Amino acid sequence: MVPTDTKRPTYYEELKERGYSRRDFMKFCTMMAAYLGLEASGTAQIAKTLSKTSRVPVIWLHFQECTCCSESFIRSSHPIVADIILDKLSLDYTETLMAASGHQAEAAREKTMKDYYGEYVLCVEGSVPTAENGAYCCIGGKSAEQILQEAAAGAKAVIAWGSCASNGCVQSAKPNPTSATPIHKLISGKPLIKVPGCPPIGEVMAGVLVHIITFGTLPELDRVGRPKAFYSKRVHDSCYRRPFYDAGLFVETFDDENAKKGYCLYKVGCKGPMTYNSCGIMRWNAGVSYPIQSGHGCFGCSEENFWDNGPLYRQQASFPGFGIESNADKVGMAAAGITAAGVAAHAIVTNIQKKKLIANVINEGKESEKEL
Amino acid sequence: MATTTASTTHRLRRVFVWELPVRVYHWLNALTIIVLCVTGYFIGNPPALMSQTEASFRYLFGTIRFLHFAAAYLFFFNFAFRIYWGFVGNKYADWKNFIPTNKKYFKEIWEVLKIDIFLKKEREHMSVGHNALAGFIYFLTFIAFLVQCITGFGLYASMSTWWFADLFVWAGHLFGGDFALRNIHHAAMWFFILFTIVHVYLVFYHDYVEGRGEISSMGGGWKFIEEDSFKKQREEDQKS
Chain A
1 MVPTDTKRPT
11 YYEELKERGY
21 SRRDFMKFCT
31 MMAAYLGLEA
41 SGTAQIAKTL
51 SKTSRVPVIW
61 LHFQECTCCS
71 ESFIRSSHPI
81 VADIILDKLS
91 LDYTETLMAA
101 SGHQAEAARE
111 KTMKDYYGEY
121 VLCVEGSVPT
131 AENGAYCCIG
141 GKSAEQILQE
151 AAAGAKAVIA
161 WGSCASNGCV
171 QSAKPNPTSA
181 TPIHKLISGK
191 PLIKVPGCPP
201 IGEVMAGVLV
211 HIITFGTLPE
221 LDRVGRPKAF
231 YSKRVHDSCY
241 RRPFYDAGLF
251 VETFDDENAK
261 KGYCLYKVGC
271 KGPMTYNSCG
281 IMRWNAGVSY
291 PIQSGHGCFG
301 CSEENFWDNG
311 PLYRQQASFP
321 GFGIESNADK
331 VGMAAAGITA
341 AGVAAHAIVT
351 NIQKKKLIAN
361 VINEGKESEK
371 EL
Chain B
1001 MATTTASTTH
1011 RLRRVFVWEL
1021 PVRVYHWLNA
1031 LTIIVLCVTG
1041 YFIGNPPALM
1051 SQTEASFRYL
1061 FGTIRFLHFA
1071 AAYLFFFNFA
1081 FRIYWGFVGN
1091 KYADWKNFIP
1101 TNKKYFKEIW
1111 EVLKIDIFLK
1121 KEREHMSVGH
1131 NALAGFIYFL
1141 TFIAFLVQCI
1151 TGFGLYASMS
1161 TWWFADLFVW
1171 AGHLFGGDFA
1181 LRNIHHAAMW
1191 FFILFTIVHV
1201 YLVFYHDYVE
1211 GRGEISSMGG
1221 GWKFIEEDSF
1231 KKQREEDQKS
């Protein structure tokens, strides 16, 4: 549980000041409890914590990224999400949204790090370039890695927002010229949670933060460090087009009759069957839609190396070393052809080289036949 | 054999080489591999079907996948059984046939390469069970079996509620996600196809060139060995 600070207003008090009713507040708590998969009493727990505790200080760092995580977050379906976390009342430092700039901004970060040592939550958006001593990403005269290490030292927990911070995303795709590195490879000894996606769903991000605020611990994580509540199922498992997949009815090209009928997008490269995320259930922009619903396959943005795992519009990856148009089947068929030719050649040479031996076997058999 | 002329008739001795469990394993393995390759190929490249039927009345792709998974379980446990049999079966089923443990093994590989693959005109190598090269290639296929089981069940884990498939959940995380597993699983299928081409050919080759029942041995378990070859083998075995 987060220590209560009587001097500072609680989350609920802050929200009241901003004009939210108790009813809005309870709706928000219920929504969060549902997203986190808590039992019914979880709503009360969240409401109680948010009413009693003052805000958890948050430092939000931006490195090699496009800010789509922040964008996704502020478009989360419930307005309190943006207000409670992202507005000035909760963020001590974030390059994108803070009013301060230059020395003032850096001073704010340093002050939070000092005043709330061991208490603040460190959110990281973006990967860290380690090549050339970190020259590819410097802020205020310091390299991304320096800033990260300094900030991580006093953090209570570290959140890796998005695919960049979780697994490197596009900038770590081959050949990865800046050595873009996900943060779990740079930080050790701190509770760390990965929230992959390009971007992650806003409600998922809010859910993770609310869980940390309410329970003072990270939510239950899977083997790679993602919250189980949101990443334990494949997009495929909750896809509303799944019956078409099971029936064997597929879109062949994006402009065919099958596409109009809303058939499965598997053959035009949908990576839903290999992608762990909750897009099919939570969807995007307050539940309006998600890629598959808009007629485009999932391309697996929350999976490691998704840029290197083959063309976006084909199911099969290029076979390494055989060019981008190759795939395992093309290479395999060629290899099978060569093998068949080799076997045929071997059979011919056998009949020449082992002529005598084969003749012996045949003659012996024929002689026996005649003797009977 | 070099000394054999058309006028001398071979005296052949019958040797029981492949026990019933080995033969059952072999054919079950062949059947499941065929089913797995065919259904697996379709899973990777679904045929383009046009149909007016509602999706809810069809389950074609689901059935193909079911066959794949059912065959996979059979394949896995059959494979596990064969490993067990490598410790309790007869000398031709023993695990030592597959893993090189001594110098003699490598010498035999070289000999088989010379005679059967490069077709040198030398004294034929008449092995009773597996020859060393074949045994070693089977060892490589076992590795391929293992790769397919790990990647396949790793992919299957998220669809299964049985603890057994969950045992392979680490595979996805080890290789960097289901994407990678899938690519490995798909590419490795071709190893099985290439192996099958060569395997079937070589069985016919041995049957044709040596004339001692190579093909039928996997049916009844018998192979027929020349008397002098048999004696030589026995002497070697007594020495070692």
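Residue numbers (the working numbering), protein chains in the order written: chain A, 1 to 372; chain B, 1001 to 1240. Glycine residues also receive a C-beta, built at the ideal position from the N, C-alpha and C atoms. What you are looking at is a predicted structure, and each value in this text was computed from that prediction instead of being measured.
- Using 8 Å as the threshold, is the region 1133 to 1144 of chain B in touch with the region 1057 to 1075 of chain B, meaning 3 or more CB pairs across them? Pairwise C-beta distances place the region 1133 to 1144 of chain B out of contact with the region 1057 to 1075 of chain B, as fewer than three of them are shorter than 8 Å.
- Item | Proximal residues of chain A, C-beta to C-beta of residue 1061 of chain B below 7 Å | By 1-based counting over the second sequence, the position of residue 1061 of chain B is 61. Neighbours of residue 1061 of chain B on chain A, chain order: 245, 246, 247, 248.
- Query: If you draw a straight line from the alpha carbon of residue 283 of chain A to that of residue 227 of chain A, how long is it in whole angstroms?
  - Reply: Your numbering for residue 283 of chain A matches position 283 in the first sequence. Your numbering for residue 227 of chain A matches position 227 in the first sequence. Cα-Cα distance, rounded: 17 Å.
- Query: For the alpha helix (DSSP H) that contains residue 192 of chain A, what are its first and last residues?
  - Reply: The residue you call residue 192 of chain A lines up with position 192 of the first sequence. No alpha helix (DSSP H) contains residue 192 of chain A, which is instead part of the beta strand (DSSP E) from 192 to 195.
- Query: Residue range of the alpha helix (DSSP H) that residue 296 of chain A falls in?
  - Reply: Taking the first sequence and counting its residues from 1, one reaches residue 296 of chain A at position 296. Run containing residue 296 of chain A: none; DSSP gives neither H nor E here.
- Item | 9 Å Cβ cut-off: residues of chain B touching residue 319 of chain A | Residue 319 of chain A sits at position 319 when you count from the first residue of the first sequence. Listed along chain B, the residues sitting closer than 9 Å to residue 319 of chain A by beta-carbon distance are 1183, 1187.
- Item | Range covered by the alpha helix (DSSP H) that runs through residue 1095 of chain B | Taking the first residue of the second sequence as position 1, residue 1095 of chain B is located at position 95. Element bounds for residue 1095 of chain B: n/a, residue is neither H nor E.
- Starting from the Cα of residue 139 of chain A, find the closest Cα among A:177, A:102, A:199 and give me that residue. Locating residue 139 of chain A in the first sequence gives position 139, counting from the first residue. Answer by Cα proximity: A:102.
- Could you check how far apart the C-beta atoms of residue 1046 of chain B and residue 248 of chain A are, in whole angstroms? I think they sit under 8 Å. Stepping through the second sequence from its first residue, residue 1046 of chain B is reached at position 46. Stepping through the first sequence from its first residue, residue 248 of chain A is reached at position 248. The pair is a contact, with the Cβ atoms about 6 Å apart (cut-off 8 Å).
- Message: Just to make sure I have the definition right: I need the residues of chain B whose C-beta is within less than 7 Å of the C-beta of residue 295 of chain A. Which are they?
- Response: Start at 1 with the first residue of the first sequence, and residue 295 of chain A comes out as number 295. Going along chain B, no residue has its Cβ under 7 Å from residue 295 of chain A, so there is no contact; the nearest lies around 17 Å.
- Message: At the level of alpha carbons, what is the spacing between residue 274 of chain A and residue 196 of chain A?
- Response: Here the question's residue 274 of chain A lines up with position 274 in the first sequence. Here the question's residue 196 of chain A lines up with position 196 in the first sequence. Residue 274 of chain A and residue 196 of chain A: Cα-Cα distance of roughly 14 Å.
- Item | Rounded straight-line distance, which links the Cα of residue 300 of chain A to that of residue 271 of chain A | By 1-based counting over the first sequence, the position of residue 271 of chain A is 271. By 1-based counting over the first sequence, the position of residue 300 of chain A is 300. Those two C-alpha atoms are separated by around 5 Å.
- Query: Would you say residue 182 of chain A reaches chain B, if we count a Cβ-Cβ gap shorter than 9 Å as a contact?
  - Reply: The count along the first sequence starts at 1 and reaches residue 182 of chain A at position 182. For residue 182 of chain A, the answer is no, since every Cβ of chain B falls outside 9 Å of its Cβ.
- Could you round the C-beta distance between residue 255 of chain A and residue 1062 of chain B to whole angstroms and report it? I think they count as a contact, below 8 Å. On the first sequence, residue 255 of chain A is found 255 positions in, with the first residue counted as 1. On the second sequence, residue 1062 of chain B is found 62 positions in, with the first residue counted as 1. Not quite, the Cβ-Cβ distance comes to about 27 Å (not below 8 Å), so this is no contact.
- Message: Is it buried or exposed, residue 88 of chain A, if we count other Cβ atoms within 10 angstroms and call 16 or more buried?
- Response: By 1-based counting over the first sequence, the position of residue 88 of chain A is 88. A caution first: residue 88 of chain A carries a pLDDT of 46, below 50, which makes its placement in the model unreliable, though a value can still be read off. Label assigned to residue 88 of chain A: exposed.
- Determine which residues of the region 1219 to 1232 of chain B have a Cβ less than 8 Å from any Cβ of chain A, and write them out in chain order. Residues of the region 1219 to 1232 of chain B with a C-beta atom less than 8 Å from some C-beta of chain A do not occur.
- State the DSSP-derived secondary structure class of residue 1023 of chain B, mapped to helix, strand or coil. Residue numbering aside, residue 1023 of chain B sits at position 23 when the second sequence is read from its first letter. Here residue 1023 of chain B sits in helix by DSSP.
- Specify the secondary structure class of residue 1220 of chain B as computed by DSSP and reduced to three states. Within the second sequence, numbered from 1, the residue matching residue 1220 of chain B stands at position 220. Helix.
- Query: For residue 1013 of chain B, does the three-state DSSP call read helix, strand or coil?
  - Reply: For the purposes of this step, residue 1013 of chain B is taken as the residue at position 13 of the second sequence. The answer is strand: DSSP assigns residue 1013 of chain B an E or B state.
- Does the distance from the CB of residue 304 of chain A to the CB of residue 1176 of chain B come in under 9 Å? The residue given as residue 304 of chain A occupies position 304 in the first sequence. The residue given as residue 1176 of chain B occupies position 176 in the second sequence. Less than 9 Å divides the Cβ of residue 304 of chain A from the Cβ of residue 1176 of chain B.
- Cα-Cα, which of A:289, A:329, A:198 is closest to residue 240 of chain A? Here the question's residue 240 of chain A lines up with position 240 in the first sequence. The option with the nearest alpha carbon to residue 240 of chain A is A:289.
- Beta-carbon neighbours of residue 1121 of chain B, restricted to chain A and to distances below 9 Å: For the purposes of this step, residue 1121 of chain B is identified with residue 121 of the second sequence, where counting begins at 1. Neighbours of residue 1121 of chain B in chain A, taken as residues whose beta carbon is under 9 Å from its own, are 353, 354, 356, 357 in chain order.
- Quick one: grab the DSSP three-state call for residue 59 of chain A. Here residue 59 of chain A refers to the residue found at position 59 when the first sequence is read from its first residue. Here residue 59 of chain A sits in strand by DSSP.
- Message: Let me make sure I understand the geometry here. Which of B:1162, B:1212, B:1085 has the alpha-carbon closest to that of residue 1015 of chain B?
- Response: Sequence index remark: in the second sequence, residue 1015 of chain B carries index 15 (1-based). Checking every option, the nearest Cα to that of residue 1015 of chain B belongs to B:1212.
- chain A within 9 Å of residue 1014 of chain B, Cβ atoms only: Indexing the second sequence from 1 puts residue 1014 of chain B at position 14. No, its Cβ sits nowhere closer than 9 Å to a Cβ of chain A.
- Neighbour list for residue 1045 of chain B in chain A, Cβ cutoff strictly below 9 Å: Translated into the one-based positions of the second sequence, residue 1045 of chain B becomes position 45. In chain order, 267, 315, 316, 329 make up the part of chain A whose C-beta sits under 9 Å from the C-beta of residue 1045 of chain B.
- Message: 9 Å is my cut-off, CB to CB: does residue 43 of chain A come that close to chain B?
- Response: Here residue 43 of chain A refers to the residue found at position 43 when the first sequence is read from its first residue. Not a single C-beta of chain B is nearer than 9 Å to the C-beta of residue 43 of chain A.
- Query: Considering only residues of the same chain and omitting the five flanking positions on each side of residue 306 of chain A, which have a CB-CB separation below 6 Å?
  - Reply: In the first sequence, counting from the first residue as 1, residue 306 of chain A sits at position 306. Excluding positions up to five away in sequence, the list reads 300.
- Residues in its own chain within less than 8 Å of residue 1196 of chain B by CB, not counting five upstream and five downstream? As a position in the second sequence, residue 1196 of chain B is number 196, starting the count at 1. Excluding residues within five positions, the ones whose Cβ falls inside 8 Å are 1033.
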